[in-house]
Structure formats: structure tokens, C-alpha cells
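Going down the list, the sequences are from chains D and G. Take the first sequence: its letter number 46 is residue 46 in my numbering, and every next letter is one higher. Take the second sequence: its letter number 55 is residue 1055 in my numbering, and every next letter is one higher. See below for the structure under consideration.
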Amino acid sequence: MERTFQVLNEIEAAGLVLRYAIGGAMGLMFYTEPLVTFDLDVFVFVPHSDSSVVTLAPIYDYLRERGCEARHEHVMIGGTPVQFIVAYNSLIEEAVREAVDKSFKSIRVRVARLEHLLAIMLQTGRRKDHARLAEVLDSVPVDEAVFSAVRRRHQLEGAWQEFRRRFA
Amino acid sequence: MNPRLQELAEASFRQKGERRRELAALSIEEKVEILLHLQQMTAEIAWETRRVKLEPWNLDSTP
Chain D
1 MERTFQVLNE IEAAGLVLRY AIGGAMGLMF YTEPLVTFDL DVFVFVPHSD
51 SSVVTLAPIY DYLRERGCEA RHEHVMIGGT PVQFIVAYNS LIEEAVREAV
101 DKSFKSIRVR VARLEHLLAI MLQTGRRKDH ARLAEVLDSV PVDEAVFSAV
151 RRRHQLEGAW QEFRRRFA
Chain G
1001 MNPRLQELAE ASFRQKGERR RELAALSIEE KVEILLHLQQ MTAEIAWETR
1051 RVKLEPWNLD STP
């Protein structure tokens, strides 16, 4: 896992991504109990993302030159299938912008804030996201002021009320 | 509800909550160790029950 995080930092230092943040189940695990996942979601800002075609090709080329094999939507980095996801809406963009530095065996790794990860689950809204959201809210402290502000900024109050109706 | 069932339900609920909080307090390095074990178990069950092949991470692999 150290190798995976090291490579993410290298990709950012090389300017292939402007900024990255770990999301998904692995991101959540920095705050919650261990969760079963088989891939690592990495949200990224890429250079020239204002152009009509956004491409991850430079990242894939860089990794291929270093022996990292592409498998479907993943790239194998240090034995971990990594999926790079270009920040695709304002919530993900904010999650990447406000992500925080953490460490794994002394390697720096940037992780989305818990409140953003929760909001992303609310926005995605699959049954498994809601079930996981309910478990997280029951087990770890959440900064309610931050979480409610994120919900308001990204028009998630309706989804939140629906979630509460089903799970509260 | 039958008081015995109610007591069992509440105990189960409390134990699950306590277990989650205990696990959440582990270091991220410990959590990843647990994740690798959970991946192995999940992959074995998926293969035995559904013939679905899931690949646990091999963190010793290079690059």
C-alpha cells in the first residue's frame, strides 16, 4: 500500500494531476471501521480540464512506462487496482480541494474529508451507499456543522430527508 | 415484543455499535491488514457460492 500512495504522490509531483484525493471505501477507512473493497478510487484534477476532451492518457502512459498494467478501468499500482476519476461535479471538486493530508507508514496521502465522503454517498444514493452511510453515522463522530453546510451547498437536503425517512 | 427477544435485539445492536467503534479506532495500517483478510474471505465465499472470481490485493507485487 505504501508503494501505491508513493506513486500517487509522484504523479502529482510530476504535474500529471494537479491534485488528488482518495475517496470511496478506502477513503472512508481512514475514519471508520475496515470496509470490504477491491479497488481504490482516486479523484483527480487534471491539467486542461476546461478543454472539450479530458483525458487520463498521460497518467496511464507514465504508469505503463513504470510497469503498471492497465486492467479495464483500473491501473495496477503496487498490487492495488486504482481507478482514477476526474472530478465530475461541484461536490467532488470541493472534496478534492478540501481533502486533508494523512499518513500511511510515514507516506503522505491525501484523503477526502469524512463529511464529503458521506455527502458523496448521499448523492450517489445506491442502496449500498445508504446502508453504509447509516452504519458510519452510527459509529463515528461527524462534524454536523460541516456536513450540513456541504449538503446545503450541493442541494442534498432532499436526499438527506429521504435518507432519514428510510434509516432514522 | 417478547421481552427476551427485545433484550437480544438491543444487546446485538449495542455490540455491533461497540465493535464498529473499536474497529474504527484502529490505525489505518491495522485496518488495511484487516481489509486484506476480509478480501480473502470474501473472494473464497464468492467463488464457492457464485463462481465469481474476485482478486484480493497482492501488496508485495511490484511495481
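We treat Cβ as the ideally placed atom computed from N, Cα and C, and that holds for glycine. Predicted, not measured: the structure shown is a model, and the values here were computed from it.
Beta-carbon neighbours of residue i, restricted to chain D and to distances below 8 Å
| i | result |
| --- | --- |
| residue 1024/G | 31, 32, 33, 139 and 140 |
Test item: CB-CB of residue i and residue j under 7 Å
| i | j | result |
| --- | --- | --- |
| residue 130/D | residue 104/D | no |
| residue 25/D | residue 110/D | no |
| residue 74/D | residue 39/D | yes |
| residue 16/D | residue 81/D | no |
| residue 115/D | residue 150/D | yes |
| residue 1/D | residue 1059/G | yes |
| residue 77/D | residue 4/D | yes |
| residue 56/D | residue 84/D | yes |
| residue 1020/G | residue 144/D | no |
| residue 1017/G | residue 138/D | yes |
| residue 91/D | residue 70/D | no |
| residue 1063/G | residue 1040/G | no |
| residue 1046/G | residue 1054/G | yes |
| residue 133/D | residue 27/D | no |
| residue 1061/G | residue 79/D | yes |
Per-residue contacts from residue i into chain D (C-beta, under 7 Å)
| i | result |
| --- | --- |
| residue 1042/G | 36 |
| residue 1031/G | 29 and 34 |
Extent of the continuous beta strand (DSSP E) to which residue i belongs
| i | result |
| --- | --- |
| residue 74/D | 74-77 |
| residue 80/D | 80-86 |
| residue 102/D | 100-104 |
| residue 132/D | No beta strand (DSSP E) holds residue 132/D; the alpha helix (DSSP H) holding it covers 127-139. |
| residue 21/D | 19-22 |
| residue 44/D | 40-45 |
Contact belief for residue i with residue j at Cβ below 8 Å, rounded distance in angstroms
| i | j | result |
| --- | --- | --- |
| residue 44/D | residue 87/D | 7 Å |
| residue 113/D | residue 98/D | 6 Å |
| residue 1031/G | residue 121/D | Not really, about 18 Å apart at Cβ, beyond 8 Å. |
| residue 42/D | residue 18/D | Incorrect: roughly 13 Å between the Cβ atoms, too far for contact. |
Residue interval of the alpha helix (DSSP H) (run including residue i)
| i | result |
| --- | --- |
| residue 60/D | 57-65 |
| residue 1032/G | 1028-1050 |
| residue 1064/G | Residue 1064/G cannot be examined here, being either before or after the span of chain G that is shown, 1001 to 1063. |
| residue 159/D | 157-167 |
| residue 113/D | Neither: residue 113/D is in no alpha helix (DSSP H) and is coded neither H nor E. |
| residue 148/D | 144-153 |
| residue 35/D | Here residue 35/D belongs to no alpha helix (DSSP H), and DSSP marks it neither H nor E. |
| residue 95/D | 90-97 |
| residue 1058/G | Counting along the chain, residue 1058/G falls outside any alpha helix (DSSP H), and DSSP gives it neither H nor E. |
Interface residues of chain G facing residue i [CB-CB closer than 7 Å]
| i | result |
| --- | --- |
| residue 1/D | 1032 and 1059 |
| residue 10/D | What residue 10/D touches in chain G: nothing, since even the nearest Cβ is about 11 Å away. |
| residue 147/D | Correct list: empty, because the minimum Cβ distance to chain G is about 17 Å. |
| residue 104/D | 1028 and 1029 |
Within chain G, partners of residue i - CB distance below 9 Å
| i | result |
| --- | --- |
| residue 128/D | Neighbours of residue 128/D on chain G: none; closest Cβ ~14 Å, over 9 Å. |
| residue 66/D | 1063 |
9 Å Cβ cut-off: residues of chain D touching residue i
| i | result |
| --- | --- |
| residue 1005/G | Under the 9 Å cutoff, chain D gives no residues; its nearest Cβ is about 21 Å from residue 1005/G. |
| residue 1055/G | 38 and 81 |
| residue 1015/G | Within chain D, no residue comes near residue 1015/G; the closest Cβ sits about 12 Å away, beyond 9 Å. |
Chain-ordered neighbours of residue i on chain G, where CB pairs are closer than 8 Å
| i | result |
| --- | --- |
| residue 135/D | 1020 |
| residue 124/D | In chain order: nothing, as chain G lies at least about 21 Å away. |
| residue 78/D | 1059, 1061, 1062 and 1063 |
Sufficient close CB pairs (3 or more, under 8 Å) joining the stretch 1018-1029 of chain G to the stretch 35-55 of chain D: no
Cβ contact check for the stretch 116-125 of chain D and the stretch 153-167 of chain D: 3 or more pairs under 8 Å: yes
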